[in-house]
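Colleague: After the structure tokens below, expect a handful of questions from me.
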Amino acid sequence: MYDAPSPANRYSSAGMLQASGRSDQRRRSLSAALLALGLIIFPFVGSPFALDLASQVFLASIGSLSLMLLTGFAGQISIGHAGLIAAGAYVVGIMSREWQAPFWLTLPSAAIAGALLGAAFGVPSLRLRGLYLAVSTLALYFIVIYAGGEYEAWRGYATGIMIDSPKVAGMEISSGFAWYFILLAAAVMTLVLCINLLRSRTGRAWGAIRTRETVAEALGINIAKFKLWAFVISSAITAVAGALFAYDRNFVSAEAFSLYLSIQYVAMIIIGGMGSLPGAILGATFVTLFPYAIESAIGMLPDADRYVNALYAMNYAAFGLVTIAFLLFEPRGLIGIWRRLQGHISLRRRKAKPLSGPPQ
Amino acid sequence: MLRLLLTVALVVAFVRSASAAEDTYVVGMTAGLTGPTASTFAPVAEAMRIYFDRVNAAGGINGKPVKSIILDDQAEPQKAAANVKQLLTWNNAILLIDSSLSSTFAPVIGEARRADVPLLFIGSVCPKEVYPPADRGQYCTTAFASNFDSRATLTFIKGTSQDPAQIGFAGATIPVSRAEIDFAEKLATDMGMTAVDKELVPPTTADFTPFATKLVAAKPTWVYAWAAWVIQVQLFQAMRRLGWDGNFIGWAHQEAEDELKRLKDPHLYVIGANALFQEHLPIQKQIEDAAAEASSRYPADQMSEGWIGSMMIEAALQQAGWPANAAKVEESLQNLKVDMKGMRAAPMEWTRANHFRVHQSYRVYNWDAAKGEIVTAKEGLDYEIK
Amino acid sequence: MQLIVNMLVLSSIYALISCGYVLIYRVSRVMNLAQGELMMLGAYLLLTTASLFHGNPEMAIIAAVVLSTTCGVLVYVLLMRKMTGESVLAAVLATIALGILLRGLMVLIWSAQQQYPGQPLGLNSTAIALPGGARISTFAAALVIVNALTYAALFGFLRFGRWGLRMRAAGQNPLLAAQRGINLHAIYALTWALSTMTGAMAGMLIALDSGLTSNLAVLGLKAFPAALVGGLDSLLGTLIGSLIVAAAEILSIQYVDPLLSDVMPFLVLLAMLIVRPWGLFGTREELDRV
Chain U
0 MYDAPSPANR YSSAGMLQAS GRSDQRRRSL SAALLALGLI IFPFVGSPFA LDLASQVFLA
60 SIGSLSLMLL TGFAGQISIG HAGLIAAGAY VVGIMSREWQ APFWLTLPSA AIAGALLGAA
120 FGVPSLRLRG LYLAVSTLAL YFIVIYAGGE YEAWRGYATG IMIDSPKVAG MEISSGFAWY
180 FILLAAAVMT LVLCINLLRS RTGRAWGAIR TRETVAEALG INIAKFKLWA FVISSAITAV
240 AGALFAYDRN FVSAEAFSLY LSIQYVAMII IGGMGSLPGA ILGATFVTLF PYAIESAIGM
300 LPDADRYVNA LYAMNYAAFG LVTIAFLLFE PRGLIGIWRR LQGHISLRRR KAKPLSGPPQ
Chain Y
0 MLRLLLTVAL VVAFVRSASA AEDTYVVGMT AGLTGPTAST FAPVAEAMRI YFDRVNAAGG
60 INGKPVKSII LDDQAEPQKA AANVKQLLTW NNAILLIDSS LSSTFAPVIG EARRADVPLL
120 FIGSVCPKEV YPPADRGQYC TTAFASNFDS RATLTFIKGT SQDPAQIGFA GATIPVSRAE
180 IDFAEKLATD MGMTAVDKEL VPPTTADFTP FATKLVAAKP TWVYAWAAWV IQVQLFQAMR
240 RLGWDGNFIG WAHQEAEDEL KRLKDPHLYV IGANALFQEH LPIQKQIEDA AAEASSRYPA
300 DQMSEGWIGS MMIEAALQQA GWPANAAKVE ESLQNLKVDM KGMRAAPMEW TRANHFRVHQ
360 SYRVYNWDAA KGEIVTAKEG LDYEIK
Chain Z
0 MQLIVNMLVL SSIYALISCG YVLIYRVSRV MNLAQGELMM LGAYLLLTTA SLFHGNPEMA
60 IIAAVVLSTT CGVLVYVLLM RKMTGESVLA AVLATIALGI LLRGLMVLIW SAQQQYPGQP
120 LGLNSTAIAL PGGARISTFA AALVIVNALT YAALFGFLRF GRWGLRMRAA GQNPLLAAQR
180 GINLHAIYAL TWALSTMTGA MAGMLIALDS GLTSNLAVLG LKAFPAALVG GLDSLLGTLI
240 GSLIVAAAEI LSIQYVDPLL SDVMPFLVLL AMLIVRPWGL FGTREELDRV
């Protein structure tokens with residue numbers, strides 16, 4: 000199921016045809032507009048806690064979209080995602096502490112750093128077929144964390160690097176409100192970038208590579224080059240996510256980036272649904288909200304206090320279980336479930352009634 | 000249509016307002032309950048939970064119950080910040096506690112400052128802002144104190160050792176531990192002793208033998224380690240296995256008491272500010288009973304830190320009166336003196352300028368093979384924190 | 000001399016854990032990224048059997064080994080078997096998720112405190128004096144011996160054993176092997192059993208030597224470069240790879256910078272990927288030109 004491109008994939012021509020019904024399009028734009036409206040109104044009506052949660056979801060979406068590009072579309076596993084996030088965060092930390100660099104310098108620098116790391120770790124491993132990139136990314140993670148820790152020790156930051164919020168026209172941006180919109184904009188931009196990439200020649204090449212590498216090669220696609228390209232772009236985007244992460248938390252420290260973070264991103268794309276951009280966002284939402292859901296669920300049990308100590312472990316276990324469940328039973332992920340539901344409902348409406356003329 | 004409905008549902012779901020202010024004192028804690036630091040901080044949280052269960056059972060403070068909300072941050076700064084945000088905005092806590100790794104401090108301090116709610120560190124490293132002149136809003140009950148720990152330890156070594164001591168130093172690559180060991184190394188030389196070697200161990204090390212090899216090769220008569228207990232004890236055992244039979248002194252973490260009993264090595268010393276349960280103080284019996292009653296998963300003798308912190312919280316809330324808010328609690332904390340009933344040698348005292356404590360006193364313990372129990376090797380290493 | 004002893008011990012740790020990686024990769028082309036957690040599971044199971052068979056170390060160890068092997072088979076039957084039709088990507092992702100699940104379960108069942116399985120069994124790690132003034136602890140010595148025996152047994156089994164031959168066949172060409180009448184599911188189950196068993200033994204010995212923390216699984220990741228350097232489908236390669244990685248790590252602690260020791264295995268790995276990606280003894284893979 001991971002090999003064949005799903006016919007409902009919006010980015011294939013078959014998918015495009017499916018969406019071309021006029022009423023379909025109108026319905027789609029209406030709900031898209033409503034979603035946009037909802038997202039914009041939300042910070043005015045929601046609690047600060049929910050606001051922060053939503054911001055976290057947007058930030059996670061950037062990372063999961065980039066991983067989806069790499070793994071879901073180009074078919075390469077990476078378990079060093081946390082290393083790239085850390086790299087982006089450290090670029091911001093180092094540049095803003097050493098040279099007081101403003102954000103419009105640090106963010107692009109983070110992207111460049113990510114791209115360089117992607118190239119450095121991608122070249123050795125992407126020449127090969129198979130899982131060598133996964134291994135390389137693991138090395139990337141450990142090396143970045145080590146380098147970051149060394150920098151912190153060298154500079155004497157016992158508890159991590161503190162970063163000031165970015166300043167625009169002299170005003171510091173640090174309120175939850177402002178960050179909600181910034182992160183929302185960043186997520187939307189990333190989504191648009193990904194959509195464009197997938198529509199381009201590069202995107203089609205990735206699809207071909209993911210489906211059947213040998214056939215792709217026979218078609219004349221330079222496998223290694225496109226795989227490397229996927230990794231470099233994905234790494235650049237992820238590093239920018241890391242940079243935003245640093246600004247959001249005003250803080251960078253080696254301990255903030257565990258291997259578990261990498262695994263969470265992998266889970267996001269599994270749960271969301273491989274090969275689907277909306278799936279990446281759904282997956283990011285699910286994984287970000289999941290621990291809070293578990294906490295509430297346990298809070299409803301009698302004598303909940305006693306379980307607080309085991310919460311982390313329960314989170315872990317539940318998380319692993321859910322990911323496995325999706326892998327086994329719902330390989331198309333949340334987006335697959337969504338499309339199935341959609342299908343059920345739209346089919347019901349379209350069921351031909353023999354005596355009432357052609358279907359609407 | 001479906002999409003529309005779902006969007007509306009999502010928006011409505013999030014518009015639920017925060018929980019209404021209740022008739023209780025709300026205290027919120029973010030702790031590294033799980034993850035690599037669990038064995039340090041989980042007993043602290045457990046102690047606080049048991050403590051306030053008892054306080055509430057006895058009628059609460061000023062007649063009102065205390066709601067202590069404990070959230071796990073897995074020693075991750077991001078999660079700690081999210082926890083604190085939740086505690087402040089959702090639960091309306093008037094006092095915050097951070098019992099987690101020092102990497103969680105920056106974001107938590109930032110949040111607490113923005114909301115103007117006092118922040119107490121229990122069991123975690125005391126940030127330098129609590130030492131005089133203290134930063135408004137940060138307090139610490141944790142036993143260990145940077146620089147003073149090493150001073151006391153080196154004084155002890157100098158006093159106990161017949162010949163001039165040759166000291167080996169060991170710490171973890173975590174900046175806090177590293178800084179302390181660097182300080183100790185320099186201080187030792189200033190005090191007229193010789194520093195023969197210094198080893199820094201990455202926390203994820205599987206096998207301590209290579210580091211122990213280097214230390215043993217330098218032939219120290221004393222080794223001083225200031226790091227997490229796991230690192231201290233593993234290094235000690237590795238050195239013993241290599242045939243080294245010198246004296247080893249490390250910080251008395253919560254696990255120290257049980258480990259001294261397990262290892263039964265008369266040349267293993269631990270230095271700390273908390274009384275070990277070996278002293279059989281009445282309050283320690285109280286803790287043991289409470290832990291047994293609550294069927295706690297953690298041994299009572301690891302709950303000193305949490306209990307001491309909780310005692311300070313209770314006193315502060317008592318003094319703040321009712322109705323209480325964050326500002327009143329802050330006022331109360333800045334003028335607090337609580338008798339520790341023997342768990343600490345001096346009463347815990349906070350003033351406007353000193354949020355660490357006015358007096359810090361150390362005791363050294365080791366195993367006495369003849370008596371078959373832990374004994375006090377030295378006490379009364381007192382320092383006034385100015 | 001002590002340095003050589005240390006290198007031998009560390010390489011045995013890595014080798015014993017890595018032979019699990021190699022077995023599974025060779026037979027099914029899957030990277031089992033849950034090996035670290037499975038190894039930790041073995042150590043925790045020993046903790047349980049130790050308190051059950053108080054004072055009877057042989058029974059406790061044997062029971063723990065049997066239990067771990069059963070767990071390995073269960074992992075295959077309940078999870079990996081269902082992944083056999085899917086792409087390798089899915090299977091690896093499944094092992095990652097499994098690792099998470101196991102970690103959570105282990106902390107739930109046994110708590111995150113540091114434990115000493117050797118205590119209830121009355122087993123203490125003492126030192127043995129070796130020529131040249133070096134010393135080695137009893138369990139470290141046991142590790143070295145067990146590692147050597149395991150590799151010898153595996154070599155023999157794969158080369159001469161009936162099922163060993165079948166395993167190699169399944170690894171080389173599953174389709175042909177199946178058509179030849181080899182029960183692939185049984186082979187895979189056997190592979191997982193062996194891999195978990197060797198990993199569990201490593202975990203148990205490490206725990207007996209220096210205690211058991213909930214962070215033991217990270218060792219599984221550090222051992223991974225050893226397998227890769229030697230060649231992910233070569234047992235001999237893994238043995239030599241472990242020696243190289245362990246030597247690099249210990250020498251860097253002694254002469255360069257102790258802080259580097261954590262990253263050293265991965266630096267070696269990276270170097271290997273650039274120079275000879277399929278490892279010293281692995282099957283040569285086709286290189287695409289970038």
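Chains as they are written, first to last, in numbering that gives the first Met the number 0: chain U, 0 to 359; chain Y, 0 to 385; chain Z, 0 to 289. Note that beta-carbon positions come from the ideal geometry of N, C-alpha and C, so glycine has one too.
#1: Thinking just about the alpha-carbon of each residue, which of V274(Z), F280(Z), M203(Z), A270(Z) is nearest to the one in L15(Z)?
#2: In chain Y, which residues lie less than 8 Å from D23(U) when you measure between Cβ atoms?
#3: Output, in sequence order along the chain, the residues in the segment 113–137 of chain U whose CB is closer than 8 Å to any CB in chain Z.
#4: Kindly indicate which three-state DSSP category S345(U) falls into: helix, strand or coil?
#5: Helix, strand or coil: how does DSSP classify C139(Y) here?
#6: So for Y130(Y), helix, strand or coil by DSSP?
#7: Can you tell me which of R26(U), S77(U), A240(U) puts its alpha carbon nearest to the alpha carbon of A186(U)?
#8: Indicate whether at least one CB of chain Z lies closer than 8 Å to the CB of D72(Y).
#9: Pull out every residue of the segment 260–289 of chain U whose Cβ sits closer than 8 Å to any Cβ of chain Z, in chain order.
#10: Do the CB positions of I76(U) and L137(U) come within less than 8 Å of each other?
#11: Is there contact here, the segment 238–247 of chain Z with the segment 205–214 of chain Z, by at least three beta-carbon pairs under 8 Å?
#12: Identify which residue in L36(U), A59(U), N314(U), I336(U) has its Cα closest to the Cα of F289(U).
#13: Within its chain, find whatever has a CB closer than 7 Å to the CB of F326(U); leave out the 5 residues flanking it on each side and keep chain order.
#14: Looking at chain Y, is there any beta carbon in it that lies within less than 8 Å of the beta carbon of S50(Z)?
#15: I need the straight-line Cα distance from I3(Z) to Q236(Y), nearest angstrom please.
#16: Is the Cβ of A111(Y) closer than 8 Å to any Cβ of chain U?
#17: What does DSSP give as the partner residues of H279(Y) in its beta bridges?
#18: Go ahead and pull the three-state DSSP assignment for R362(Y).
#19: Residues of the segment 285–303 of chain Y in Cβ contact with chain U at a cutoff of 8 Å, in chain order, please.
#20: At least one CB of chain U closer than 8 Å to the CB of E75(Y): is that the case?
#21: Taking P224(Z) as the reference, give the member of W191(Z), M271(Z), V255(Z) with the closest Cα.
#22: Among I344(U), A255(U), A242(U), which has the Cα closest to the Cα of S108(U)?
#23: Does DSSP classify Y236(U) as helix, strand or coil?
#24: Give me the residue from G132(Z), L193(Z), V65(Z) with the minimum Cα distance to I23(Z).
#25: Across which residues does DSSP place Q73(Y) in a beta bridge pair?
#26: Please state the DSSP three-state secondary structure of A169(Y).
#27: Just by C-beta distance, which residues in the segment 266–281 of chain Z are closer than 8 Å to chain U?
#28: Going along the chain, which unbroken runs of the beta strand (DSSP E) with 3 or more residues stay wholly within the segment 160–242 of chain Y?
#29: Going along the chain, which unbroken runs of the alpha helix (DSSP H) with 4 or more residues stay wholly within the segment 250–297 of chain Y?
#30: What does the Cβ neighbour count give for D261(Z), buried or exposed, with the cut at 16 atoms within 10 Å?
#31: Starting from the beta carbon of Y311(U), find every residue of chain Y whose beta carbon is closer than 7 Å, and list them in chain order.
#32: Should Y297(Y) go down as buried or exposed, given a rule of 16 or more other Cβ atoms within 10 Å for buried?
#33: Straight-line CA distance for R135(Y) to S360(Y)?
#34: Can you name the start and end residues of the alpha helix (DSSP H) that G236(Z) belongs to?
#35: Tell me whether the segment 43–62 of chain U and the segment 116–126 of chain U touch, counting them as touching only if at least three CB pairs, one residue from each stretch, are closer than 8 Å.
Modeller: Answer, in terms of the structure:
#1: Here the question's residue 15(Z) lines up with position 16 in the third sequence. Selected option, being the one with the closest Cα: M203(Z).
#2: What you label residue 23(U) is simply residue 24 of the first sequence in a count that begins at 1. Those do not exist, as D23(U) stays about 12 Å from chain Y at its closest Cβ, beyond 8 Å.
#3: F120, V122, P123, S124, L125, R126, L127, R128, G129, L130, Y131, A133, V134, S135, L137
#4: Here residue 345(U) refers to the residue found at position 346 when the first sequence is read from its first residue. Residue state, collapsed to three classes: helix.
#5: In the second sequence, residue 139(Y) corresponds to position 140, counting from 1. C139(Y): strand per DSSP, three-state reduction.
#6: Taking the second sequence and counting its residues from 1, the one referred to as residue 130(Y) is at position 131. DSSP places Y130(Y) in coil when its eight states are reduced to three.
#7: Taking the first residue of the first sequence as position 1, residue 186(U) is located at position 187. Cα-wise, what sits closest to A186(U) is A240(U).
#8: Indexing the second sequence from 1 puts residue 72(Y) at position 73. Not one chain Z Cβ lies under 8 Å of D72(Y).
#9: I262, V265, A266, I269
#10: In the first sequence, the residue the question calls residue 76(U) occupies position 77. In the first sequence, the residue the question calls residue 137(U) occupies position 138. Cβ atoms of I76(U) and L137(U): not closer than 8 Å.
#11: no
#12: Here residue 289(U) refers to the residue found at position 290 when the first sequence is read from its first residue. It is N314(U).
#13: Counted from its first residue, the first sequence places residue 326(U) at position 327. The residue asked about is misnamed: residue 326(U) is Leu in this sequence, not Phe. Hits under 7 Å: I269.
#14: Position 51 of the third sequence, counted from the first residue, corresponds to residue 50(Z). By this cut-off, S50(Z) is not an interface position.
#15: Position 4 of the third sequence holds residue 3(Z). Position 237 of the second sequence holds residue 236(Y). Those two C-alpha atoms are separated by around 20 Å.
#16: For the purposes of this step, residue 111(Y) is taken as residue 112 along the second sequence, with counting starting at 1. Cβ-Cβ to chain U under 8 Å: no for A111(Y).
#17: Numbered from its first residue, the second sequence carries residue 279(Y) at position 280. In the DSSP output, where bridge partners are listed per residue, H279(Y) has none listed.
#18: One-based indexing of the second sequence puts residue 362(Y) at position 363. Strand.
#19: R296
#20: Stepping through the second sequence from its first residue, residue 75(Y) is reached at position 76. Answer yes: the Cβ-Cβ gap between E75(Y) and chain U drops below 8 Å somewhere.
#21: Along the third sequence, read from residue 1 onward, the residue named residue 224(Z) stands at position 225. Here the closest residue by C-alpha is M271(Z).
#22: In the first sequence, residue 108(U) corresponds to position 109, counting from 1. It is A242(U) whose Cα lies nearest to the Cα of S108(U).
#23: If you number the first sequence from 1, residue 236(U) lands on position 237. According to the sequence as given, residue 236(U) is Ile; it is not Tyr. Looking at I236(U) - three-state DSSP - the assignment turns out to be helix.
#24: On the third sequence, residue 23(Z) is found 24 positions in, with the first residue counted as 1. Ranking G132(Z), L193(Z), V65(Z) by Cα distance to I23(Z) puts L193(Z) first.
#25: Numbered from 1 along the second sequence, position 74 holds the residue referred to as residue 73(Y). In DSSP, Q73(Y) forms no bridge with anything.
#26: Counting from one through the second sequence, the residue named residue 169(Y) turns up at place 170. A169(Y): strand per DSSP, three-state reduction.
#27: L266, L268, L269, L272, I273, P276, W277
#28: 165–171, 193–200, 221–225
#29: 255–262, 281–292
#30: Locating residue 261(Z) in the third sequence gives position 262, where the first residue counts as 1. Buried is the call here.
#31: Locating residue 311(U) in the first sequence gives position 312, counting from the first residue. The answer, in chain order, is L32, T33, G34, D71, Q73.
#32: Against the second sequence, residue 297(Y) aligns to sequence position 298. Looking at its Cβ environment, which holds 16 or more other Cβ atoms inside 10 Å, Y297(Y) is buried.
#33: Your numbering for residue 135(Y) matches position 136 in the second sequence. Your numbering for residue 360(Y) matches position 361 in the second sequence. Roughly 24 Å separates the two Cα atoms.
#34: For the purposes of this step, residue 236(Z) is taken as the residue at position 237 of the third sequence. Counting along the chain, the alpha helix (DSSP H) containing G236(Z) begins and ends at 234–250.
#35: no
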